[in-house]
Each structure stands twice: as structure tokens, then as C-alpha cells.
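For any residue, its number in the working numbering is found by taking its place in the sequence shown, counting from 1, and adding 9. Glycine included, C-beta positions come from ideal geometry on N, C-alpha and C. Just so it is clear, the structure is predicted and the values come from calculations on it, not from any experiment. The next block holds one structure in the form of C-alpha cells; read it before the comments.
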Amino acid sequence: ELPHPRPPPHTRAGTRALAAAQGTGGKALCFRLGRESGPATALGYFRQRFLMSALGGRGEMKKRQGAAMPSPPVSSRKTVKGMKGGRLLKDKFRLSKRAEVTRIVFLGTSSGICTKSRNTSSVAVSLSNGRTLLFDCGEGTHRQILSTKKVKLSKIRYIFITHLHGDHVYGIFGVLTALDIGNNSQSSSRLVVIGPKGIKQLLQSVASASASSMLLGIRIIELPRLPASPETKSAKTHIAIDVSSRHEPEFGHDVFLNGVDIHLEDGIVVKARRIKHVKQLETWGYIIWEPDKPGKLKLTVAKEMGASDPELALLKSGNDLMDSNGEVRIRAKDVLTPSQKGMHIAMLWDTYDASNAAEACMDCSLMVHEATYLRDIKENALKYGHSTAEMVGNFASKVRARQLVLTHISARYQNEIDLKRLVEEAQIVGGFHEEKVLRGDEDKSSKFAMAPWTPFFGNEALCSCGVKPGEDIPR
Numbered sequence: 010e011l012p013h014p015r016p017p018p019h020t021r022a023g024t025r026a027l028a029a030a031q032g033t034g035g036k037a038l039c040f041r042l043g044r045e046s047g048p049a050t051a052l053g054y055f056r057q058r059f060l061m062s063a064l065g066g067r068g069e070m071k072k073r074q075g076a077a078m079p080s081p082p083v084s085s086r087k088t089v090k091g092m093k094g095g096r097l098l099k100d101k102f103r104l105s106k107r108a109e110v111t112r113i114v115f116l117g118t119s120s121g122i123c124t125k126s127r128n129t130s131s132v133a134v135s136l137s138n139g140r141t142l143l144f145d146c147g148e149g150t151h152r153q154i155l156s157t158k159k160v161k162l163s164k165i166r167y168i169f170i171t172h173l174h175g176d177h178v179y180g181i182f183g184v185l186t187a188l189d190i191g192n193n194s195q196s197s198s199r200l201v202v203i204g205p206k207g208i209k210q211l212l213q214s215v216a217s218a219s220a221s222s223m224l225l226g227i228r229i230i231e232l233p234r235l236p237a238s239p240e241t242k243s244a245k246t247h248i249a250i251d252v253s254s255r256h257e258p259e260f261g262h263d264v265f266l267n268g269v270d271i272h273l274e275d276g277i278v279v280k281a282r283r284i285k286h287v288k289q290l291e292t293w294g295y296i297i298w299e300p301d302k303p304g305k306l307k308l309t310v311a312k313e314m315g316a317s318d319p320e321l322a323l324l325k326s327g328n329d330l331m332d333s334n335g336e337v338r339i340r341a342k343d344v345l346t347p348s349q350k351g352m353h354i355a356m357l358w359d360t361y362d363a364s365n366a367a368e369a370c371m372d373c374s375l376m377v378h379e380a381t382y383l384r385d386i387k388e389n390a391l392k393y394g395h396s397t398a399e400m401v402g403n404f405a406s407k408v409r410a411r412q413l414v415l416t417h418i419s420a421r422y423q424n425e426i427d428l429k430r431l432v433e434e435a436q437i438v439g440g441f442h443e444e445k446v447l448r449g450d451e452d453k454s455s456k457f458a459m460a461p462w463t464p465f466f467g468n469e470a471l472c473s474c475g476v477k478p479g480e481d482i483p484r
């Protein structure tokens with residue numbers, strides 16, 4: 010029996026006293042948990058079960074070293090949809106080895122300044138692994154995130170900045186400050202900001218001048234800003250970087266780089282391509298490439314060809330089986346159905362010429378492109394480095410985009426007639442069907458907000474304006 014008074018079991022002294030009462034000294038507990046430190050490192054459920062054992066309750070554990078731990082209760086399990094019985098996962102981001110885009114939320118679609126109905130540029134892309142990619146962060150983006158339940162601040166893992174004009178970047182200070190004040194160290198420490206040359210200086214200057222700790226633990230990657238030499242002016246040199254690596258990417262200064270392939274976790278690749286906007290600022294467009302979906306294993310065929318149960322996993326992952334002589338015994342392609350191509354989603358703004366990104370955008374599933382002006386003021390569009398809806402429709406048709414969404418709309422277009430003209434221009438020039446061209450600010454459109462307006466994406470709607478019926482928040 011334990012001495013009286015009984016120490017509180019949740020304290021370090023209480024844990025040691027209970028371990029001593031059972032004659033274990035506390036060391037065996039930590040060894041069973043794979044730890045070498047004191048008993049205070051035992052956490053949560055496992056410590057509670059040990060305390061129950063020390064008190065003589067149910068689930069008494071064997072004192073000998075290496076005793077099996079009792080299985081957690083069903084309520085603590087995370088269940089993967091489609092699996093029988095569930096699966097215990099310690100990391101909520103390990104639900105899938107292959108990430109997919111599950112939703113696109115337009116947080117802002119206005120050009121230059123906010124309007125009563127539209128916020129400045131920002132688009133959130135949610136992935137199946139629980140993470141969110143934020144493309145541009147105009148003024149008021151934090152407020153927009155709070156206005157919708159479909160985007161969570163703590164889920165943002167990457168922020169991609171196209172260029173350093175204020176309507177695309179001024180909102181990042183509020184987002185980073187909110188993470189810092191909210192003491193969300195776990196989220197902020199994993200946050201990666203990717204943008205053109207100058208983004209690091211901008212963030213550091215504001216943080217220093219305001220004595221803010223908003224950049225604590227945040228990684229900033231600047232894409233190269235290198236002038237083209239006459240010898241390499243027409244060269245197309247693309248390099249790849251892996252943001253999961255702790256080493257900072259090094260960009261050579263002897264080549265002209267107009268493309269960087271950014272490899273994220275779980276197979277997602279974001280292709281950054283230089284696009285033309287204004288001479289004073291480097292501008293990048295981003296194209297999200299999902300990994301191809303692997304083919305399904307033909308179980309009967311594989312077993313008929315002599316594959317054992319452990320070898321089935323190798324075949325399913327695309328690996329050929331070799332015999333003792335080093336020759337191929339079973340080819341993976343012979344026992345797998347054809348793979349399904351992953352989606353490509355292009356984010357292109359601000360630009361009057363995105364031809365450098367055409368190759369990466371070819372046959373894309375969805376293109377989100379700026380359409381700042383109507384064609385009747387094309388001179389203004391070219392003067393300020395923007396596109397008309399007619400120019401957008403023509404480019405989307407050339408790269409064979411399957412769906413087009415217009416964004417970055419000028420604040421001069423407020424009434425529904427002008428906004429409808431933007432869509433019609435892109436439809437006529439690009440030869441798109443009516444439902445294949447939409448605006449990012451169509452909050453009140455049921456086919457855009459709630460129903461599956463993109464049938465090739467599956468049963469669920471991929472894109473969403475992030476509002477419920479009856480809500481009216483700026484976009």
C-alpha cells in the first residue's frame with residue numbers, strides 16, 4: 010500500500026513514489042517507453058496506465074523489462090477513411106504519403122485596393138495532408154481567414170509571394186504577427202515564406218522597426234533575381250530545390266534562371282516561373298503539380314505470377330521484383346493498372362505575358378489568372394503590366410486549360426454587368442463552355458460555392474469561396 014498522504018500522481022514526486030511502491034524505481038517505465046531519462050518524461054495515456062498499475066487497478070502491467078504496453082482506447086485513435094479498424098498515428102500529417110489538393114479558397118480577388126465586396130489578392134490551397142498553401146497575402150488576409158471556417162491560420166505551412174507590390178504582400182505582417190501573439194510556436198516554427206528577391210529584407214525591416222518577434226523560427230527562401238546576359242537570354246534553365254532539407258538553396262550566378270521547381274512534402278511540387286509584369290519588380294507565377302496517382306495492384310495476377318505477400322507491397326509501390334541472378338522476375342507495370350495523372354493548378358498574377366510559364370501550365374486542370382481590365386482599355390493594361398480578360402482567354406486556350414477562374418479584378422468594375430463582361434470576353438476568345446470560366450469573387454453563385462462545379466475533380470467541389478449561404482464578407 011502507498012504511504013499516507015498519497016502524493017499527487019500527476020507530479021514528478023508522485024510518479025516516483027508510485028514507481029517506488031511497486032519496486033521498479035521508475036527506471037523500467039521509461040525504458041519501456043523508449044526513453045532513458047527520469048519518469049517525468051512519461052506522458053499522457055501511458056503514464057496514467059502505469060499509475061493505475063501501481064495502485065493495483067485494472068490493466069496491471071508486468072514489472073519485468075520490456076512488458077507490452079496496453080493498447081490505447083478507441084477514442085485516442087485516428088482513423089484513416091477507408092481502412093477497417095482504424096490506425097494509430099502519432100502525426101496527424103501522416104494520413105497520406107501522397108498529398109492532393111482538396112479545396113481552393115479565394116480570400117481576395119481585387120486589384121490594387123480593397124472594395125466593399127472584394128479584398129486584395131490572396132488564395133488558400135488546402136491539401137489532403139492537413140497543410141495549407143497561401144498564395145499572396147494582401148492587406149486584410151488575416152481578417153479574411155477569420156471570416157471563414159474553411160481556412161485555419163495554424164494550418165498554413167507555406168506562403169508564396171508572387172511579387173512585392175503592396176496589394177500582394179502587406180497582409181503578411183498581420184498573419185505572422187497573429188501566429189506570434191497567439192503563441193503558436195508549433196505552426197510558426199514550421200512556416201516557410203517563399204518569394205522574390207527582397208522579401209527577406211522587407212520582413213526583417215518591419216520586424217526590426219516594430220521590435221517584433223514575428224519572424225522567430227520562420228524560414229525565408231528568396232527566389233533568384235539574376236539579369237539575363239546576351240549569351241543566355243534565350244536559355245531556359247530550371248533548377249530544383251527541396252524545402253524539406255535544412256540546407257539553404259544556392260543559386261548560381263553564371264546562368265539565367267527563369268524557373269525553380271520547389272519540392273514540398275508528400276510529392277507536391279510547386280513550379281515557380283518568371284512572368285512579365287513591371288521592370289522594377291521580379292514577378293513569379295506558381296504552378297502546383299500533384300504527384301501522379303499510382304495504379305492499383307492486380308492482386309490475383311500478382312499471386313499467379315508467384316509474388317509472396319511481403320513482395321506485394323514492393324510491387325504496389327512500383328518496384329520490380331528481382332531473382333537471385335539479378336534478373337527481373339516480375340515487372341511492376343505488369344501487375345498494376347495505369348497510373349492517373351495528378352492535377353496541375355496554375356496561379357498567375359500580376360502579368361501581361363506569362364508565356365514563360367506556358368510549358369508548366371500545359372493541359373492544367375485549373376488556371377487562376379488575373380483579368381484586371383476589359384479589352385476596351387487594353388492600353389492601360391499593358392501600361393501597368395496587367396492582362397485583359399481577352400488576353401487571359403487566349404492564353405488559357407493555348408495551354409489547353411480545362412478550367413479558368415478570373416481574379417485580380419480592377420476596383421472600377423463594381424456592377425454585375427461589367428463583371429459579367431469579363432467572363433464573356435474570356436469565354437468567347439478561349440472557346441470555353443459557359444461553366445468553364447468563372448470569377449473568384451462569385452460568392453453568391455451556388456455552383457461555385459457549394460455544388461461540384463468541376464466534375465473532373467471528383468464528387469466534392471474543389472474550389473470554394475469559403476462562405477456559407479447568407480454570409481456576406483469581402484472577397
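Exercise. Is Q423 helix, strand or coil when you go by DSSP?
Worked result: DSSP places Q423 in coil when its eight states are reduced to three.
Exercise. CB I113 to CB V132, shorter than 8 Å?
Worked result: Yes, the pair counts as a contact, with Cβ atoms nearer than the cut-off.
Exercise. If you compare alpha carbons, which of E379, G276, E451 is closest to I250?
Worked result: That would be G276, whose Cα lies nearest to the Cα of I250.
Exercise. Roughly how many whole angstroms lie between the Cα atoms of D372 and Q436?
Worked result: If you take the alpha carbons of D372 and Q436, they lie about 17 Å apart.
For this session: Using the Cα positions of G75 and S163, report the straight-line distance between them to the nearest angstrom.
Result: Note that G75 scores a pLDDT of 41, beneath 50, so its modelled location is shaky; the value from the coordinates is reported in the next line. For the pair G75 and S163, the Cα-to-Cα distance works out to about 38 Å.
For this session: Output the boundary residues of the alpha helix (DSSP H) element that contains V215.
Result: Element bounds for V215: 208–218.
For this session: Evaluate the contact criterion for the stretch 290–303 versus the stretch 346–366: three or more CB pairs, one atom per stretch, below 8 Å.
Result: Contact between the stretch 290–303 and the stretch 346–366 is present, because at least three Cβ pairs lie under 8 Å.
Exercise. How many angstroms separate the CA atom of K206 from the CA atom of E231?
Worked result: Going from the Cα of K206 to the Cα of E231 covers about 5 Å.
Exercise. So which of T186, T124, D270 has the shortest CA-CA distance to R421?
Worked result: Cα-wise, what sits closest to R421 is T124.
Exercise. Looking at C-alpha atoms only, which residue of S254, G394, H256, G191 is the closest neighbour of L225?
Worked result: If you compare the alpha carbons of S254, G394, H256, G191 with that of L225, the shortest gap goes to G191.
Exercise. Are the Cβ atoms of Y167 and V201 separated by less than 8 Å?
Worked result: Contact flag set, yes.
Exercise. So, is the C-beta of R409 closer than 8 Å to a C-beta in chain B?
Worked result: Going by chain labels, chain B is absent from the structure shown, which holds only one protein chain.
Exercise. Which runs of the alpha helix (DSSP H), 4 residues or longer, sit entirely within the stretch 335–393?
Worked result: With a minimum length of 4 residues, the continuous alpha helix (DSSP H) runs that stay inside the stretch 335–393 are 367–370, 387–392.
For this session: Tell me, to the nearest whole angstrom, how far the beta carbon of F169 is from that of I203; I am working on the premise that it is less than 8 Å.
Result: Confirmed, Cβ separation roughly 5 Å.
For this session: In the DSSP assignment, find the alpha helix (DSSP H) that holds A187 and state where it starts and stops.
Result: The continuous alpha helix (DSSP H) containing A187 extends over residues 181–190.
For this session: List the endpoints of the continuous alpha helix (DSSP H) containing F404.
Result: Annotation for F404: the continuous alpha helix (DSSP H) segment containing it runs 398–407.
Exercise. Is S80 helix, strand or coil when you go by DSSP?
Worked result: Caution is warranted here: a pLDDT of 41 is assigned to S80, below 50, making its placement in the model unreliable, and the coordinate value is therefore given only provisionally. Of the three classes helix, strand and coil, the one that applies to S80 here is coil, per DSSP.
Exercise. Alpha carbon to alpha carbon, how far is A369 from S333?
Worked result: Answer to the nearest angstrom: the Cα atoms are 42 Å apart.
For this session: Determine, using beta-carbon pairs with one atom in the stretch 304–320 and one in the stretch 280–289, whether at least three such pairs fall under 8 Å.
Result: Not touching, per the Cβ criterion.
Problem set entry | Buried or exposed by the 16-neighbour rule on C-beta atoms within 10 Å, applied to K280 | Burial call: buried.
Exercise. Does DSSP put I227 in a helix, a strand or coil?
Worked result: I227 falls in the coil class under three-state DSSP.
Exercise. Taking just the CA atoms, how far does H177 sit from I296?
Worked result: Across the structure, I296 and H177 are spaced so that their CA atoms are roughly 17 Å apart.
Exercise. How about L383 and L428: are their beta carbons less than 8 Å apart?
Worked result: No, the pair does not count as a contact, with Cβ atoms beyond the cut-off.
Problem set entry | Closest residue to A341 among M331, I165, K392 (Cα-Cα distance) | Ranking M331, I165, K392 by CA distance to the CA of A341 puts M331 first.
For this session: Kindly indicate which residue of N424, S396, S406 has the alpha-carbon position closest to the one of T416.
Result: Check the Cα spacing between T416 and each of N424, S396, S406: the tightest is with S396.
Problem set entry | Cα-Cα separation between G149 and T129, rounded to whole angstroms | Their backbone Cα atoms lie some 7 Å apart in a straight line.
Problem set entry | 3 or more residues per run - each beta strand (DSSP E) lying fully within the stretch 105–186 | Within the stretch 105–186, the beta strand (DSSP E) runs of at least 3 residues that lie entirely inside it are, in chain order, 110–117, 131–136, 141–144, 165–169.
Exercise. Around the Cβ of P233, are there at least 16 other Cβ atoms within 10 angstroms (buried) or fewer (exposed)?
Worked result: For P233, the number of other beta carbons within 10 angstroms of its own is at least 16, and it is reported as buried.
Problem set entry | T309 (DSSP reduced to helix, strand or coil) | Helix, per DSSP.
Problem set entry | Where the beta strand (DSSP E) through E291 begins and ends | Counting along the chain, the beta strand (DSSP E) containing E291 begins and ends at 290–298.
Problem set entry | Extent of the continuous beta strand (DSSP E) to which A281 belongs | Start and end: 278–287.
Exercise. Does DSSP put D270 in a helix, in a strand, or in coil?
Worked result: Here D270 sits in strand by DSSP.
Exercise. Is the Cβ-Cβ distance between L136 and T111 less than 8 Å?
Worked result: One thing to note: L136 has its Cβ within 8 Å of the Cβ of T111.
For this session: Using only alpha-carbon positions, find the residue among Q412, G139, V438 that is nearest to I354.
Result: Taking each of Q412, G139, V438 in turn and checking the Cα distance to I354, the smallest one comes out for Q412.
For this session: Could you tell me which residues DSSP pairs with M331 in its beta bridges?
Result: The partner list for M331 (beta bridge, DSSP) reads V337.
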